[in-house]
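Colleague:
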Amino acid sequence: MKFKNLLFFVFVGLLWACEKDNASPIEDERIIIDGEVFTPTESSIKVLGKQLLITFTDGLKEVKIVTNDTLKGAYNILDEPLKPSTLLKATVEYTNGVDTYKGLSGTIILQKDGAVYSGEYDVELKSETDNLEIKINGGTFSNLESTVVDPLIANEAAINDSLDACYPKFDKFIQFEFLFDAVYSNQIALPDSSWSSIYEHTQNPSDEKIIKLWDDAWEIIYKMNLIILSADKNVSNELSKNELIAQAKTIRAYTAFKILEWFNSIPIVEELEGNLFSARNTNEEVVQWIINDVNAAMPNLPETWPSLEDKVTKTFAQGILSRINLYSENYLEAHTVNQEIINGGAYALSTATNFQKDNTEIFWGFAKGDYTEFNTFFTKGDFVPVIRYTETILSSAETAYYTTGQGAALNYINMLKQRSGETELVNVDLDIIYEQYKTELSLEGDIFLIMKRFSKAEDELQIQNYQFVLPIPLTVLDNNPDISQNPGY
Numbered sequence: 001m002k003f004k005n006l007l008f009f010v011f012v013g014l015l016w017a018c019e020k021d022n023a024s025p026i027e028d029e030r031i032i033i034d035g036e037v038f039t040p041t042e043s044s045i046k047v048l049g050k051q052l053l054i055t056f057t058d059g060l061k062e063v064k065i066v067t068n069d070t071l072k073g074a075y076n077i078l079d080e081p082l083k084p085s086t087l088l089k090a091t092v093e094y095t096n097g098v099d100t101y102k103g104l105s106g107t108i109i110l111q112k113d114g115a116v117y118s119g120e121y122d123v124e125l126k127s128e129t130d131n132l133e134i135k136i137n138g139g140t141f142s143n144l145e146s147t148v149v150d151p152l153i154a155n156e157a158a159i160n161d162s163l164d165a166c167y168p169k170f171d172k173f174i175q176f177e178f179l180f181d182a183v184y185s186n187q188i189a190l191p192d193s194s195w196s197s198i199y200e201h202t203q204n205p206s207d208e209k210i211i212k213l214w215d216d217a218w219e220i221i222y223k224m225n226l227i228i229l230s231a232d233k234n235v236s237n238e239l240s241k242n243e244l245i246a247q248a249k250t251i252r253a254y255t256a257f258k259i260l261e262w263f264n265s266i267p268i269v270e271e272l273e274g275n276l277f278s279a280r281n282t283n284e285e286v287v288q289w290i291i292n293d294v295n296a297a298m299p300n301l302p303e304t305w306p307s308l309e310d311k312v313t314k315t316f317a318q319g320i321l322s323r324i325n326l327y328s329e330n331y332l333e334a335h336t337v338n339q340e341i342i343n344g345g346a347y348a349l350s351t352a353t354n355f356q357k358d359n360t361e362i363f364w365g366f367a368k369g370d371y372t373e374f375n376t377f378f379t380k381g382d383f384v385p386v387i388r389y390t391e392t393i394l395s396s397a398e399t400a401y402y403t404t405g406q407g408a409a410l411n412y413i414n415m416l417k418q419r420s421g422e423t424e425l426v427n428v429d430l431d432i433i434y435e436q437y438k439t440e441l442s443l444e445g446d447i448f449l450i451m452k453r454f455s456k457a458e459d460e461l462q463i464q465n466y467q468f469v470l471p472i473p474l475t476v477l478d479n480n481p482d483i484s485q486n487p488g489y
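Counted the way full-length UniProt numbering counts, the sequence shown spans residues 1 to 489.
Structure follows, in structure tokens:
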């Protein structure tokens, strides 16, 4: 099924980078903005997926309006990038040849008759250089026919650049999710009052942290869809095409699994344009979607990249596959993947507690960067391990317990005891495995999922069953009548 797709500002950059059309002016229409005449042309309004891009020019001066939908209605101006789950919103940028002004607030009202648009707008803008504010009062346009633009990225070099630009956003999403998990599972003290509802488990569908978690995840998924579709159509070299698609499918799989963990059944989205009334898929369907992505990606990912390229790897994809099978209680499948990683011999347990890029455990990770809120609580080094070998050993203990027996599970736990210099155990049970997970993987983004899997969340956090998942953001429900709320919210 498809999901309501409000395409993101990444596509805006793609379109604005395109060569301008040499369309002729519309002779019977003039737009007066701040005392200046702007002339619309036959290509002033372009449809890019589910966005409108409206451009008016006067020599070097230009007004750009981007809406997050193509419907008629009143669009409120945002001073930040458009998000997928907001109602009718827009951004405005005005360039006068010297300075650039960004929209702060205001409204754009669109009327629509087929592909023909009319509208009016009243916008406040602020200069990017000196904070000077100006107003666009009573701007109007009428009877402009829209043209449809192919949203796909045109060539291999541009697709590579776009994918490279997505990695920092993916890193930031992972850091935020790690922080969210640490707060929700009460691993750390309350960072500040904005996290109170998450720490106390009193969240609601309008909670800004929950909206951010949902929105940022879908932004990444949509961007990966763009990479996949663009590479499939516009990259002729099969090796390059498969490598690009493999990276994008791995990132999409990791991200989709995270929102599946937090929100339960979610829509499956593989296109750039979605149906307004798409419903949530079942957990089983989403799990299979993630498994299919990872299985398709693994043969086309290297074990390592050149030293300066921090891109997802084959073993990272295997780690996702192990996690999703464990989540689904497919213990034999998860154990098989773990054994492939162990028998591959490329990774080993490390005694280091301060992670660096060359650590022998890390399947894939990234430098911490300047995310202050994350850096305050993550004190395990300068490099963030997203999935690492210790998790494979823990997962092997858990899956062995259910498949090959307690003896094998004990051997894996004792590998970790030996690493830390602790006395080896003579027996093992699920409680011991659970405590070892909490000891080894604290602050690494998965503790609440582990609590749920071992049936510990209710007692340790004093929460009810419905709080095992988060509420679907209210803005998502408003935009998508066929999306149902999680029980209890």
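Ideal Cβ positions, reconstructed from N, Cα and C, are used throughout, including at glycine.
Quick one: using the 10 Å Cβ neighbour count with 16 as the cut-off for buried, is residue 398 buried or exposed?
Modeller: buried
Colleague: Taking 6 Å as the limit between beta carbons, can you name the residues of its chain near residue 297, skipping five residues before and five after?
Modeller: 246, 249, 250, 317
Colleague: Since residue 173 is in the alpha helix (DSSP H), which residue starts that stretch and which ends it?
Modeller: 156–184
Colleague: Could you tell me which of 77, 144, 163, 111 sits nearest to residue 124, measuring between CA atoms?
Modeller: 77
Colleague: Exposed or buried, residue 239, counting other C-beta atoms within 10 Å across all chains shown (16 or more means buried)?
Modeller: exposed
Colleague: Curious, which full-length alpha helix (DSSP H) runs of at least 4 residues does the segment 243–330 contain?
Modeller: 283–297, 314–327
Colleague: Can you have a look at residue 222 and say buried or exposed, based on whether 16 or more other CB atoms are within 10 angstroms of its CB?
Modeller: buried
Colleague: Should residue 467 be labelled buried (16 or more other beta-carbon atoms within 10 Å of its own) or exposed?
Modeller: Residue 467 sits buried, since 16 or more C-beta atoms from the chains shown fall within 10 Å of its C-beta.
Colleague: For the beta strand (DSSP E) containing residue 116, list its first residue and its last residue.
Modeller: 116–127 is the span of the beta strand (DSSP E), which, as asked, contains residue 116.
Colleague: Within 10 angstroms of its Cβ, does residue 439 collect 16 or more other Cβ (buried), or is it exposed?
Modeller: Under this definition residue 439 is an exposed residue.
Colleague: Which whole-angstrom value is the C-beta distance of residue 265 and residue 281, which I expect to be below 8 Å?
Modeller: Contact between residue 265 and residue 281 holds, with the beta-carbon distance rounding to 6 Å and staying under 8 Å.
Colleague: Since residue 159 and residue 225 are thought to touch, with beta carbons under 8 Å apart, how far apart are those beta carbons, to the nearest angstrom?
Modeller: Not a contact, Cβ separation roughly 13 Å.
Colleague: Starting from residue 399, trace the alpha helix (DSSP H) in both directions and tell me its first and last residue.
Modeller: 389–402
Colleague: Counting Cβ pairs, one atom from each stretch, are 3 or more of them under 8 Å apart for the segment 445–454 and the segment 184–191?
Modeller: Enough Cβ pairs lie closer than 8 Å, so yes.
Colleague: Measuring only the C-alpha atoms, how far is residue 108 from residue 272?
Modeller: Taking the Cα positions, residue 108 is about 24 Å away from residue 272.
Colleague: Please go through the same chain and pick out, in chain order, the residues whose beta-carbon is closer than 8 Å to the beta-carbon of residue 469, but skip the five residues on each side of it.
Modeller: 262, 263, 264, 486
Colleague: DSSP state of residue 379, grouped into three classes?
Modeller: coil
Colleague: Quick one, are the C-beta atoms of residue 112 and residue 50 less than 8 Å apart?
Modeller: no
Colleague: Please confirm whether residue 256 and residue 290 have their CB atoms less than 8 Å apart.
Modeller: yes
Colleague: Look up residue 355 in the DSSP assignment and say whether it is helix, strand or coil.
Modeller: strand
Colleague: If the criterion is Cβ atoms closer than 8 Å, does the pair residue 205 and residue 471 meet it?
Modeller: yes
Colleague: Exposed or buried, what is residue 19 when buried is set at 16 or more other beta-carbons lying within 10 Å of its beta-carbon?
Modeller: Because the pLDDT of residue 19 is 35, which lies under 50, any placement of that residue in the model is unreliable, and the question is left without a value.
Colleague: Where residue 177 and residue 213 are concerned, what is the direct C-alpha to C-alpha distance, given to the nearest angstrom?
Modeller: 7 Å
Colleague: Count the other CB atoms, across all protein chains shown, that sit within 10 Å of the CB of residue 473; report buried if there are 16 or more and exposed otherwise.
Modeller: Burial is judged here by how many other beta carbons sit within 10 angstroms of a residue's own beta carbon; residue 473 has at least 16 and is buried.
Colleague: Determine the burial state of residue 194: buried for a count of at least 16 other Cβ atoms within 10 Å of its Cβ, exposed for fewer.
Modeller: exposed
Colleague: So, residue 268 versus residue 294, is the Cβ gap smaller than 8 Å?
Modeller: no
Colleague: For residue 380 and residue 45, I'd like the C-alpha separation in whole angstroms.
Modeller: 50 Å
Colleague: So, for residue 313: in the same chain, excluding its five sequence neighbours on each side, which residues have a beta-carbon less than 8 Å away from its beta-carbon?
Modeller: 301, 302, 303, 304, 305, 363, 364
Colleague: With residue 428 and residue 413 assumed to form a contact (beta carbons below 8 Å), what rounded beta-carbon distance in angstroms separates them?
Modeller: 5 Å
Colleague: Roughly how far, in whole angstroms, is the beta-carbon of residue 67 from the beta-carbon of residue 48, given that I think they are within contact range, below 8 Å?
Modeller: About 10 Å separates the two Cβ atoms, so there is no contact after all.
Colleague: Contact defined as beta carbons within less than 8 Å: I believe residue 140 pairs with residue 119. What is the distance between those atoms, to the nearest angstrom?
Modeller: 7 Å
Colleague: Note down, in chain order, each residue of its chain lying with its Cβ closer than 6 Å to the Cβ of residue 175, except the 5 sequence neighbours on either side.
Modeller: 371, 374
Colleague: With distances taken Cα to Cα, identify the nearest neighbour of residue 367 among 326, 459, 416, 311.
Modeller: It is 311 whose Cα lies nearest to the Cα of residue 367.
Colleague: Where does residue 131 land, buried or exposed, given buried means 16+ other C-beta within 10 angstroms?
Modeller: Exposed, because fewer than 16 other Cβ atoms sit within 10 Å of the Cβ of residue 131.
Colleague: Kindly identify the DSSP beta-bridge partner or partners of residue 52.
Modeller: 47, 67
Colleague: May I have the straight-line CA-CA distance separating residue 180 from residue 216, to the nearest angstrom?
Modeller: 13 Å
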